[in-house]
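Chain order of the listed sequences is Y and A. Numbering-wise, my numbering puts 814 at position 814 of the first sequence, and it's gapless, one number per residue. Numbering-wise, my numbering puts 56 at position 56 of the second sequence, and it's gapless, one number per residue. Note that beta-carbon positions come from the ideal geometry of N, C-alpha and C, so glycine has one too. These figures come from a predicted structure and were not determined experimentally.
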Amino acid sequence: METTTTRTTCPYCGVGCGVNAVLENDAVRVAGDERHPSNQGRLCSKGTALADTVGLSDRLLYPMVDGRRASWDEALDEVASRFGEIIAEHGPEAVAFYVSGQLLTEDYYVANKLMKGYIGSANIDTNSRLCMSSAVAGHKRAFGEDVVPGCYEDLELADLVVLVGSNTAWCHPVVYQRIVAAQENDANKKLVVIDPRRTATAEGADLHLPLAPGTDVHLFNGLLAYLAEHGVTSDLPGTQDAVAEARKIGDIDAVAEACGLARDAVAAFFELFANTERTVTVFSQGVNQSSAGTDKVNAILNCHLLTDRIGKPGACPFSITGQPNAMGGREVGGLSSTLAAHMGFDAAERVQRFWNSPAIASEPGLKAVELFEAIERGEIKAVWIMATNPLVSLPHADRARRALEACEFVAVSDCMRHTDTVNRAHVLLPAAAWAEKSGTVTNSERIISRQRSFLPMPGDTRADWDIICDVARRMGFGEGFGFDSAASIFREHAALTAFENDGERVLNLEGLAELTDQAYDRLEPLRWPVRADKPFRAVGAMPAPQDSRRLFVDGVYPTSDGRAHLVAVTPRGPANAVSDQHPLALNTGRIRDHWHTMTRTAKSARLSAHIPEPFVEVHPSDAERYGVIDGAIATVSTALGEAHVRVIVTDGQREGTLFVPMHWNDQFAARARVGALANPAVCPISGEPEFKHTPAAIAPFDAAWHGFILASRPLRLAGESDIDYWVKIPGERFYRYEIAGLQAPEDLAGKARRWIGIDRRTTDWLEAADPAAGRYRAAHMDAGHIDACVFVAPEPAALPERSWLAGLFTGEPVDEAERIGLLAGRPADPGADPGPQVCSCFGVGRNTILRAIDEQGLDSVAAVGKALDAGTNCGSCKPEIASLIAEAQADE
Amino acid sequence: MSDNTTQPKLDLVVIGNGMAGVRVIEELLEAAPERYNITVFGAEPHPSYNRIMLSPVLAGDKDFAEIETHDRSWYVDNDIVLHTGEAVTAIDRRRRMVISESGRETGYDRLLLATGSTPFMLPVPGHTLDGVISFRAIGDVERMVEASKNGGKAVVIGGGLLGLEAAYGLHKRGMEVTIVHLMETLMERQLDPIAADLLQHSLAQRGLSFRMGAKTAAILGDDEDRVIGLRFDDADDSEIKADLVVMAVGIRPNVELADKAGLHCEKGVVVNDTMQTYDPRIYAVGECVEHRHAVYGLVAPLWDQAEVCANHLAHRGHTHYEGSVTATQLKVTGIDVYSAGDFSDGEGSEALVFSDVRRGVYKRVVLREDRIVGVVLYGDTRDGGWYFKLMREGVDISNVRDLLLFGQAYMPPELANEAEAA
């Protein structure tokens, strides 16, 4: 048996966890890298399931041109020539790249260099625009540079952690677990969560402020005024204006009123903040994704600057990014609003000199939303999309789809064969995926980690940087793109950060500019800046450790006056207010076990099992007002589009608001792309869209019937006229489809066969029909194995649990007893049904946990873990186990 | 009833030593052991046996001793006078006397008619030929067993329950059997077309042949009046060979005796809800009876009737017979068929249907107003009795409708318990 362990980095959120990928013969397993400083061996549920995602199902394995397989030469020539022709005819502003925080730094670097230095346009923007560009803009206004000043250790040292607009427990689980672990045994440490939703994160907080959507500036201006009122002063530039503006909000009562909060809660928070020196304020998409995103960021930064809580152990403002290499993208300059290496367009001459390039972009390019608007208008005629799925993720996503449909030339680099975006491309370029890629990423605490390949690139796939350089060479830019390795690109990137950098840019990797290939291969996680005054001692040796954990320790900032700036910010509501027609505020976001547009996480059955269907969370009063019922389907609509999603009624959702997850798309659901509903209002400074607030309405989806299909193979339900609602949920050796329709179909027996693609002559067919009641159940067996089953009923409650049936898809023949119970949907003994999955690591179901709690008298998450292992691996499900215990105790 | 012992015993005469008559006696011995002097006349030479087990005897799965229910000592032990092989030929109601074929006259205070039924013989040419028989009594079985010893070809006319059992038995005894059925599907009164097809397919797999939708024009014989074949009433007057023809096309209640005695008869001897004929001293039970326009050919109604009749004879209670919901089970080894109630798709009825073709299982449960009114089970009849009980008791099944087809094992306890007695 041959075993190799590769130390690499997780490709999900911005926490940037080290992963040990173990290849044993052909089997992959993963574990947290105990030597990685960011996670110290921990992994969340998504990271733990990475091995599930490395298979080749639905991978794009060879280039395609106009829907047919092509050679690399043909595909690359097509991209180079079409871009070349359009540039020649319409100028460099007629083309664009739309890239991704999931590219590696090296990929990002050459993409940025090609567009800004060779094509000569700044029309390269990235999905990071949708994620943390407000933080970038806020950092620049306050610090002069886009810099996260602290490190994760500060979260542990802090006596107060304030999480603003961040469901950290689900979106950055390892960071959350580090906070919880540090606070667990210290009663003096407090956790405050500021979020309109009572999320899993808020459940564990000492104080939760469920503020009205879009009132973060009101709250933090109130806090700034409160601090000033209590004698906190600063001589930083902008202080007076900021405080004066902040005071306009009024006293605590006025703040509470403006934010829709209880006065006592606001007072408690202000007092806690004022009295806790070691405070870290973590902010994320709930702050950034707003038409006032940049102002919200500065309202938070203001409070830390006024109190001088920055650059100190346990004290700093902390932007946590959503993507594995959003930070690396920011560093190379992959946003259209920066040029390169944290330099703006005022440094165009310097950058051009460094690159020795034929051109240089002289002014900012189009930001993501504008960029697709320009495509729709025909101003941009060619676009190359890399490693992202904008037809799902952009706001007003149907317009983005129209834009791509109308676009003269669309190239897409991706590792998946089918995504909403890939399906619109003229040229498809097969990119290597996580397990096959090699390069670097930077996480939210400025740690650069190696992503190392541990599987060979399958089919014709190539690294993104390799594809980009090849196109550049075919466009006649051979000189600037002669890279033969990721390491050589990294060295140039590092050199650019150091180029004519006398300290005016904090981002400085000069200590890595001469990194040998071997040293690059062995590079341990290290935090920038990496200066050359503590250089490599010898070839192959690691850089000496430098204490770059905290920046601005000395109070010196990369601004023209060397000081940090407070920014006066005026509270304002969301761009589009709710109306009679659209009376609710639609919020979007992530769930625990899915990532972005599910191209990777949906390969994992256990991840798909946590929350199988797209949903809308609704406050009970709103549910009653608008007639929607828990567990039924609802239509959520905005001025731009509608979605059909499952209703979850919960008082954790603030009244007057809705929450729909961002992940589902046309590959996995009939109609659940929330991007199609989101308004494209953007922050005027950062250009970040307001995903957290779109006026919306909710109404019952009057399904005449509900059903589900389990099949051993993927089905095509998209064109079925009887099925108005479907969701595809990948399982272990099966696919589950939840289905529903507005009109009861005629001839269910015939329809069921068609849905699962079985012709009438097939003999091994089980059927249970109650036509008068609209109930129908059928299964197709294949050589004793279950191939597919279909269940239909007028009410969802009349359908059996899916879990027992799903358990029949084992690859083994179904035995006689199972066959008899198959269409009953459960074994004769109901005790055998584990219920919906809670712990995805050990596959422990809700019923199993509830039974164990009941039978064994378990009264703590730890006790459940001991009895069932649930929650003892990644721990992501611990809050749910805790609520099951609470539920069971309440029942008693 | 303590005064029973003080009253003088009455004379009860039972005409018919079959299952219905004997069942009434049993019930009566239980309810009022001292009330009657009982005399039984049986036309057959045997003591009572379980007629519904004739099929297994024919199939060789059982022998006669195993289906005998009451040997002579039982009659002796209970002071019952038994006259076997002695048919009653007349009833003199005025003198309250029955007269047997041997001329024996026996007086009665109460008379019970349990004369049963006679197989209906199609009146086609040749129906009296040697080798044309019915399937009703042990004697018929003996003749069939005898005939099968030489192998040869048998034709069974009638694809109902009895015909199929006869056919299967003859097949098992080595004959080449063809079933001739007037309708397009077998057991059409008990099975819906799908179950009937499954059954036919299964029987065909075992080697039985079928002529469906076939009307018999004549039974053909040789010079010695021995049967040699059958001719159909079809376009080309087709014929098949036969060494034995079994008619199983239905039964006729035996009413001649009652009719002759002036008792009102329609299809059967008409009785009221206490099983009395138009002469209140004379009761009737079993296949000879017509009750509320219904005539029964199955065993379950007979038990119901016997209970009511015995109670009334015992002056006990006020039980009434209100008709029976019937259930049928085919006794063919390895083929499980169960049918009860009304399985047709009528106005207001709703059918629940399960099928598992590979396993050979088919179930049809028919509901009316959330109550079971009919059941057809094929291949898996485990839950037949349970459904039957739910049906007879009129249990509202609306709460368990979605799992009803899967049977008792999938039911909540309160409904599962409905089947305790079944």
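So what does Gly-32/Y bridge to, in DSSP terms? Val-19/Y
Using only CA atoms, which one of Ala-361/Y, Ser-100/Y, Phe-345/Y, Ala-225/Y lies nearest to Cys-13/Y? Ser-100/Y
From Ala-824/Y, Gly-835/Y, Arg-713/Y, pick the residue whose C-alpha is nearest to that of Asp-782/Y; which is it? Arg-713/Y
Work out the CA separation of Phe-791/Y and Ile-629/Y for me, nearest whole Å. So the two alpha carbons sit approximately 21 Å from each other.
Would the beta-carbon of Ala-431/Y fall within 8 Å of that of Arg-462/Y? yes
Tell me where the beta strand (DSSP E) around Gly-107/A begins and ends. First-last of the beta strand (DSSP E) with Gly-107/A: 105 to 107.
Could you spell out the range, first to last residue, of the beta strand (DSSP E) harbouring Ile-758/Y? Taken as a continuous stretch (DSSP letters only), Ile-758/Y belongs to no beta strand (DSSP E), as it is neither H nor E.
Nearest CA to the CA of Arg-673/Y: which residue from Pro-684/Y, Pro-661/Y, Pro-680/Y? Pro-661/Y
Check for me: the alpha helix (DSSP H) holding Asn-78/A runs from which residue to which? Element bounds for Asn-78/A: n/a, residue is neither H nor E.
Compile a chain-ordered list of the residues in the stretch 747 to 776 of chain Y whose CB is closer than 8 Å to at least one CB of chain A. Thr-763, Asp-764, Trp-765, Leu-766, Glu-767, Ala-768, Ala-769, Asp-770, Pro-771, Ala-772, Ala-773, Arg-775
Tell me whether Val-161/Y is buried or exposed, calling it buried when 16 or more other Cβ atoms sit within 10 Å of its Cβ. Its Cβ being crowded by 16 or more others within 10 Å, Val-161/Y is buried.
Quick one: give me the first and last residue of the beta strand (DSSP E) that Phe-470/Y is part of. The amino acid at residue 470/Y is misidentified as Phe; the sequence shows Asp. Boundaries for Asp-470/Y: no beta strand (DSSP E) harbours it, while the alpha helix (DSSP H) harbouring it runs 464 to 474, taken from the DSSP string.
Indicate the three-state DSSP secondary structure (helix, strand or coil) for Cys-789/Y in the structure shown. strand
Using a Cβ-Cβ cut-off of 8 Å, state whether Ala-824/Y counts as contacting chain A. It does: the Cβ of Ala-824/Y has a partner Cβ on chain A nearer than 8 Å.
What's the call for Asn-254/A, buried or exposed, on a 16-neighbour Cβ count within 10 Å? buried
Quick test of your reading: Arg-337/Y and Tyr-118/Y, contact by CB under 8 Å. State the CB separation rounded to the nearest angstrom. What sits at residue 337/Y in the sequence shown is Ser, not Arg. That belief does not hold up - the Cβ atoms of Ser-337/Y and Tyr-118/Y are roughly 19 Å apart, past 8 Å.
Starting from Ala-798/Y, find everything on chain A with Cβ-Cβ shorter than 7 Å and list it in chain order. Asp-402
Over what stretch of residues does the alpha helix (DSSP H) that includes Ser-860/Y continue unbroken? Element bounds for Ser-860/Y: n/a, residue is neither H nor E.
For Arg-819/Y, go through chain A and note every residue whose CB falls closer than 8 Å to its CB, in chain order. Asp-356, Arg-359
Quick one: which chain A residues come within Cβ less than 7 Å of Ala-703/Y? Chain-order list of chain A residues neighbouring Ala-703/Y: empty, with the shortest C-beta distance near 17 Å, by a criterion of under 7 Å.
Whole-angstrom C-beta distance between Ile-698/Y and Leu-566/Y, which should lie under 8 Å: Not confirmed; about 41 Å, so no contact.
Rounded to whole angstroms, what's the CA-CA distance from Ala-852/Y to Ala-867/Y? Just pull it up for me. 8 Å
What residue range is occupied by the uninterrupted beta strand (DSSP E) comprising Ala-414/Y? The question names Ala, yet the displayed sequence has Asp at residue 414/Y. Segment 409 to 414, the beta strand (DSSP E) holding Asp-414/Y.
According to the Cβ coordinates, are Tyr-424/A and Tyr-362/A closer than 8 Å? Absent from the structure is residue 424/A, since the part of chain A shown begins at 1 and ends at 422.
Could you tell me whether any Cβ in chain Y is nearer than 8 Å to the Cβ of Phe-406/A? yes
Buried or exposed: Gly-314/Y, going by 16 or more other Cβ atoms within 10 Å of its Cβ? buried
Ala-31/Y CB to nearest chain A CB: under 8 Å? no
What are the boundary residues of the alpha helix (DSSP H) that Phe-809/Y is part of? Segment: none, Phe-809/Y is in no alpha helix (DSSP H) and carries neither H nor E.
Short of 9 Å Cβ to Cβ, which residues in the stretch 785 to 815 of chain Y face chain A? Ala-793, Ala-798, Leu-799, Pro-800
Does any residue of chain Y bring its CB to less than 8 Å from the CB of Tyr-378/A? no
Pull up the distance between the alpha-carbon of Gly-407/A and that of Asp-383/A, whole angstroms please. 6 Å
Measure the C-alpha to C-alpha separation of Ala-387/Y and Phe-708/Y and round it to an integer number of angstroms. 32 Å
His-315/A beta carbon less than 8 Å from that of Met-275/A: no
Can you name the start and end residues of the alpha helix (DSSP H) that Val-145/A belongs to? From DSSP, the alpha helix (DSSP H) with Val-145/A extends over 138 to 148.
Report the residue from Ala-605/Y, Lys-437/Y, Ala-341/Y whose alpha carbon sits nearest the alpha carbon of Cys-10/Y. Lys-437/Y
Partner residues on chain A for Ala-740/Y, Cβ-Cβ distance less than 7 Å: Chain A residues near Ala-740/Y: none, gap ~17 Å exceeds 7 Å.
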